[in-house]
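Here the sequence shown is numbered in full-length UniProt numbering, starting from 1 and rising by one per residue.
Heads up, the thing below is written out as structure tokens.
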Amino acid sequence: MLPVLPVFLVGAVSAPLIKKVVRPVVRGTIKTSVKLAVDVKRAAHEINEDISDIAAEASAEAFASDVSAEADVPRQSTKKARAGKAATSD
Numbered sequence: 001m002l003p004v005l006p007v008f009l010v011g012a013v014s015a016p017l018i019k020k021v022v023r024p025v026v027r028g029t030i031k032t033s034v035k036l037a038v039d040v041k042r043a044a045h046e047i048n049e050d051i052s053d054i055a056a057e058a059s060a061e062a063f064a065s066d067v068s069a070e071a072d073v074p075r076q077s078t079k080k081a082r083a084g085k086a087a088t089s090d
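And the structure:
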């Protein structure tokens, strides 16, 4: 059992030292990851707004072209001619 005791003691002594070194590294990694996630979320939100604006502009242009196309086409009257006021040619 003698060989196990020194390995255990090395682990017990080095654990606090490793904790002091590893903790800041892990904390920095997590902090950087959170900042990156926030930046990606912000960029995605801006892209979504840009796409929504483009879609709204395209819809407005399509609607405007439909309205102007309907204005160019002469409409036929749906009213029926009255029998009493029919024009007669003599």
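Ideal Cβ positions, reconstructed from N, Cα and C, are used throughout, including at glycine.
- Here the C-alpha atom of A58 lies approximately 10 Å from the C-alpha atom of I51.
- Beyond the five residues adjoining it in sequence on each side, A37 comes within less than 7 Å, by CB distance, of no other residue in the same chain.
- In this structure, the CA atom of V26 is about 41 Å from the CA atom of D53.
- I18 and P6 have their alpha carbons spaced roughly 18 Å apart.
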